[in-house]
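Take a look at the structure set out below.
In our numbering, the protein residues as written are 2 to 166.
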């Protein structure tokens, strides 16, 4: 126990804010988290009280409790983010399915890569089609597909059927 940390010796309204903040810290297990949350609440109460003072309004006890509740929720949200943030080196070694050691980067598959052969085949096939068919496909991709006529849909179905072969 230290007199320097005795919140009951603070002048009003700090003493009241410290009491309110302390009542919100009992749910936490870690002593350091308790102190962090308590100080966050007190600092936020000071900022809100200053805003109210500038507007000419008093900050009531109910208002202080509401500010403390929101500050506690923000603290929990930040604490969750602290736990979520982690990093793994892609150069770290792991054991693969066969029990061999390999680097993590070697186990990743590039799903977003473009199959250039298939893309070139499609492009050549598309460019070899009649202009009406190409126009219908461009309408389907770039414009509202609901505006396509029955004839356009017929051309697109023919294009799809012939390209699969």
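Glycine is no exception: its CB is placed at the ideal position from the N, C-alpha and C atoms.
| said: Since residue 42 and residue 25 should fall inside the 8 Å C-beta cutoff, what is the C-beta to C-beta distance between them, to a whole number of angstroms? | reply: Here residue 42 is taken as the residue at index 41 of the chain shown, counted from 1. Here residue 25 is taken as the residue at index 24 of the chain shown, counted from 1. Confirmed, Cβ separation roughly 6 Å.
| Taking the alpha-carbon positions, what's the residue 143 to residue 130 distance? | Position 142 of the chain shown, counted from the first residue, corresponds to residue 143. Position 129 of the chain shown, counted from the first residue, corresponds to residue 130. About 18 Å.
| field | For residue 133, the nearest candidate out of 122, 31, 125, 160 (CA to CA) | value | Here residue 133 corresponds to residue number 132 of the chain shown, with the count starting at 1. For the residues 122, 31, 125, 160, the minimum Cα distance to residue 133 belongs to 160.
| query | Assuming residue 105 contacts residue 89 under a Cβ cut-off of 8 Å, what Cβ separation, rounded to an integer in Å, is found between them? | reply | Walking along the chain shown from the start, residue 105 turns up at place 104. Walking along the chain shown from the start, residue 89 turns up at place 88. With 8 Å as the limit, residue 105 and residue 89 qualify as a contact, their Cβ atoms being about 7 Å apart.
| said: Between the alpha carbons of residue 146 and residue 164, how many angstroms are there, rounded? | reply: Stepping through the chain shown from its first residue, residue 146 is reached at position 145. Stepping through the chain shown from its first residue, residue 164 is reached at position 163. Taking the straight line from one Cα to the other gives about 20 Å.
| task | State the DSSP-derived secondary structure class of residue 108, mapped to helix, strand or coil. | result | Here residue 108 is taken as the residue at index 107 of the chain shown, counted from 1. Three-state result, residue 108: helix.
| field | According to DSSP, residues forming a beta bridge with residue 96 | value | Against the chain shown, residue 96 aligns to sequence position 95. Paired residues: 102.
| request: Could you pull the start and end residues of the alpha helix (DSSP H) that residue 46 belongs to? | output: The count along the chain shown starts at 1 and reaches residue 46 at position 45. For residue 46, the uninterrupted alpha helix (DSSP H) run begins and ends at 32-56, by DSSP.
| request: Find the nearest neighbour of residue 1 within the set 93, 14, 108, judged by alpha-carbon distance. | output: Here the chain comprises residues numbered 2 to 166, so residue 1 is not present and cannot be evaluated.
| C-alpha gap between residue 80 and residue 63, whole angstroms | Counting from 1 along the chain shown, the entry for residue 80 is found at position 79. Counting from 1 along the chain shown, the entry for residue 63 is found at position 62. One C-alpha to the other measures close to 26 Å.
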